[in-house]
Amino acid sequence: MFYRLSGTYHTSYRADRRLWKVPTDRWLVVALLVLGAFAPLYVSPLYLGSYVLPWVIWSAAALSLTLLMGLAGQLHFGFAAVMAIGAYASIHLTRAGIPFEISLLLSGLIAAVIGAVFGGAALRVKGLYLVMATLAMQYLVDWVVVNVPWISGGAHATLRTPAVSFLLLPLDSLAARYWLALGWAVLLTVFFMNVKRSSFGRALVAIRDKDFAAAVIGVDPFRTKLMAFFTSSFMGGVTGAILAFCFYRAVTPEQFGFNVSIQLVAMVLVGGLGSVIGSWLGAGFVLLAPIFLTNIISALAATGWVPVSQNFLSHLPLMIYGAMIIGFLLLEPLGLAKIYDNIRKYFLVWPFRHARS
Amino acid sequence: MKGGQMNWMRKLALTTALVVGVAGPIHAEEIKFGLLQDFTAVYTFVTGQYNQGQQDYLRLVNEEGGIGGNTFTAIVRDTGNQPQRGIEAYNRAKEEGAILFDFLSTPVSAAILDQAQSDKNVVITPAHGRGDASDGTVFPYVFPMMATYWAQAANLVEYMKQTGGLEGKKIAIVHIDSPFGREPGPILQALSEQEKFEFKAFPYASPGNEQSSAWSEVRRYRPDYVMIWGAGGGQAVSVRTAIQNGIRPEQIHSVIWLAETDAANVGPQMKGVKRFEATASGMDHPIIQRINEKVIAPGKGSGETANVGNSYYNLGVATMAVAVEAARLGAEGGATINGDALKAGFEKIAGYDAEGLMPAITITGADHQGGGAGRVSEWDGEKWVPVSEWHAAYPDLVRKVIEESASHYGK
């Protein structure tokens, strides 16, 4: 009823390869796009600037990481460092007088090259050992940023982003910064969905499932793994630059610390490995759930419903948040994306009870 | 029964209003301070007690009738030291009408500084944040209002000069490997040329649970004085490892972040260790006594009674005492208190010492540090005993570093 399938026939290969085969899905996507594009008109600056904007940017970061972790199966626990490279590179390039559009691309390339160098470890090691190699990247990049004043910006290690414009649109207003971030996130989303059905995407999946089996059927593991690190780091680098210019506007090393890497991994896992909608849902959950919980608990405390000390009050949201993560993963180990999928499948055949797929 | 029901419904309505983020009407007589701090991540060693002192002091002011009819409300939120949560908390508190903010977190302060300046909201950065914000001509709405890290380092060096002389001596500075740990570098460089001493920096990796390698190098360096520059759990590790490496407690001089908890963690060996302090500790001060009498005794305190009078508790009290004094001065002549009026009030503060709890500070349009005075105190086994008088050390040199660093801002 909600997803009318009657009358939907795929009579050509082209129709069968569409991204959204069911008309309802297409309408949902269009509606979401319109809602997203016009968000500055109906969302208050508080919610646009502190909830929607970071959510969009972190979704882009989660998409970049899930290409590597979800599709190619290469664990990466230092992704915040990749974003840091992008952020610092873009600021220094724009300060050197290079137009913002070009420095975005260059910062992505720099992040991609450095990311691929560390990704080289993936050619030798797998699993937990790769985690260690990428952790080393995190700490090395952190160390270099903190210890080279030329990069971090001197004694206070705070680097402000210069005023820039993107394709003649000055990035001063919140709306302009939001649109740029949204545009990048949408671009990544479309790219990701298309990668999944390209030969490169299938090669990544083959590598993930068994790399020597992939080699037997003619996929070059060396090239594919490096390409995976390169692509994902490029996406992450540009996302880091967008994060710096559109959200923080003043960059400090702490913004790209180890805890941020872990948060990104959590977004990808809670959302569902290798899933597009999972990246969006996971980013929203990991980023915004603690904020919502903190505000709700504080509001309850303000009215005298939760009479506890400030210390406990601050930790209570974290306990609930932790319990929620465990709860979600127990309920559905494949992440929020699978929960969404279950709901969609339920409505696909509603009012009947069983879906075939 | 009916009254109870009404109360319940009002509570529910209010809760709903707060949950959906609709702020109630702002009363002209209610001044709101946003204390959006890190209660759960990195700064936990200080935030609990510090914030407790802040809340208790604001409650004391309200109990005593406020300032000219104005009462104070603290908006307290946890930011977990995450900039994006700090930005959210800032924007929300701003909508609720807060005009002064204290983040007690370097990354969060850094992320919000520009925004707060363009919103014309006051940010106080006592004993943290960037020291060059002391230059009020560059940072009009930021008030460090206590000795910056540079002033602290200068104060400790001057104390060494007075106790054992400096010429030809060696100072080892053992610091956490972070921008904060590097802060005293430039001022020590300048002082070493002026006072003809030698110094060497020994960084240890964050968070500092393990510092053996740094300290074994310090041992080979054979310093006359040792400065430790860290925070939280790493501080107790520094003192303990130093003593294991043959450094006498009397040689150890610490940044402001060394308190009763660290002394308890180190144990009896701690006796003789010195630290910089910007506010006095202990219960023996008029303001703390009044808090005890009017807030703690009636059971209106905001935390554990045992914390009252601790170093960080008193530090929190002092920050709010200065802020309330600024609000009082800003409201003189019947001005409505907003960010601008509060800033003007801060810049009128002259010779205010919170009834002896802290050194007298004078804030001007150019000097937002308030003079940068402090003193050195020593752990006597039970409490911190002051061993020098309140004063500002090498003020001209500190000012030079501040202006030199502030001149890079905005480039």
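From first to last, the protein sequence lines are chains G and D. FYI, the working numbering numbers position 146 of the first sequence as 146, with every residue one higher than the one before it. FYI, the working numbering numbers position 247 of the second sequence as 1247, with every residue one higher than the one before it. Quick reminder that beta carbons are idealized off the backbone N, C-alpha and C, glycines included. Because the structure is a prediction, the values reported are computed rather than measured.
- Residues of the segment 1048-1069 of chain D that bring their beta carbon within less than 9 Å of a beta carbon in chain G comprise G1048, N1051, Q1052, Q1055, in sequence order.
- Secondary structure of P149 (chain G) (DSSP, three-state): helix.
- Distances from the CA of S64 (chain G) to each of G:F347, G:L53, G:A15, G:L188 were compared; the closest alpha carbon is that of G:L188.
- Of the other Cβ atoms in all chains shown, fewer than 16 fall within 10 Å of the Cβ of I326 (chain G); this residue is therefore exposed.
- In terms of Cβ geometry, A1127 (chain D) and P1083 (chain D) do not form a close pair [threshold 9 Å].
- Around Y248 (chain G), the beta-carbon contacts reaching into chain D at under 7 Å are P1083, A1111.
- Scanning D:R1399, D:H1408, D:Y1409, D:A1406 for the CA closest to the CA of A1147 (chain D) turns up D:R1399.
- In the DSSP assignment, S1109 (chain D) falls within the unbroken alpha helix (DSSP H) covering 1106-1119.
- Burial state of R208 (chain G) is buried, judged by a 10 Å Cβ sphere holding 16 or more other Cβ atoms.
- Counting the other Cβ atoms within 10 Å of the Cβ of W27 (chain G) gives fewer than 16, which makes it exposed.
- Rounded to the nearest angstrom, the gap between the Cα atoms of F1199 (chain D) and M1283 (chain D) is 37 Å.
- Residue-level contact check: S90 (chain G) does not touch chain D, since none of the beta carbons of chain D fall below 9 Å from its beta carbon.
- Per DSSP, reduced to three states, the secondary structure at N342 (chain G) is helical.
- Against chain G, the beta carbon of N1091 (chain D) has neighbours under 8 Å at P45, L46, G49, S50, listed in chain order.
- Counting every other CB atom within 10 Å of its CB across the protein chains shown gives L313 (chain G) a total of 16 or more, marking it as buried.
- DSSP, read as helix, strand or coil, puts W1229 (chain D) in strand.
- The C-alpha of G49 (chain G) lies about 22 Å from the C-alpha of M235 (chain G).
- Separation of F328 (chain G) and F347 (chain G) (C-alpha to C-alpha, rounded to the nearest whole angstrom) is 21 Å.
- DSSP places T1148 (chain D) in no alpha helix (DSSP H); its state is neither H nor E.
- Residues M1270, W1379 of the same chain have their beta carbon placed closer than 6 Å to that of A1263 (chain D), with the five preceding and five following residues left out of the count.
- Interface residue (Cβ-Cβ distance to chain G less than 9 Å): P1179 (chain D) is classified as such.
- Rounded to whole angstroms, the separation of the alpha carbons of E1088 (chain D) and T66 (chain G) is 26 Å.
- Take the alpha-carbon of I85 (chain G) and the one of S107 (chain G): they are about 7 Å apart.
- Within chain G, Q310, N311, L313, S314, H315 have C-beta atoms less than 9 Å from the C-beta of F1039 (chain D), given in sequence order.
- Listed in chain order, the non-local C-beta contacts of N1307 (chain D) below 7 Å within the same chain comprise Q1049, Q1052, Y1313, local neighbours out to five positions each way being set aside.
- Within the segment 1295-1312 of chain D, the residues whose Cβ lies closer than 7 Å to any Cβ of chain G are, in chain order, S1302, G1303.
- Close CB contacts of Y1352 (chain D) within its chain, under the 7 Å cut and outside five residues either way in sequence, are with V1322, E1325, A1360, I1361 (chain order).
- For I1256 (chain D) against F1276 (chain D), the beta-carbon gap comes to about 5 Å, under 8 Å, which counts as contact.
- Per DSSP, the continuous beta strand (DSSP E) segment holding K1170 (chain D) begins and ends at 1170-1176.
- Note on geometry: alpha-carbon atoms of F258 (chain G) and G78 (chain G) lie some 7 Å from one another.
- With distances taken between CA atoms, D1114 (chain D) lies nearest to G:Y248 out of G:W350, G:Y248, G:T11.
- Taking C-beta atoms as the reference points, S1302 (chain D) and Q310 (chain G) count as a pair closer than 9 Å.
- The DSSP-derived three-state label of N1245 (chain D) is coil.
- Shown here is that no member of the segment 186-217 of chain G has a Cβ falling below 7 Å from a Cβ of chain D.
- When the beta-carbon positions are compared, M1145 (chain D) and I1363 (chain D) come within less than 9 Å of each other.
- With respect to the C-alpha of A1393 (chain D), the residue from D:P1268, D:N1081, D:V1376, D:T1241 having the closest C-alpha is D:V1376.
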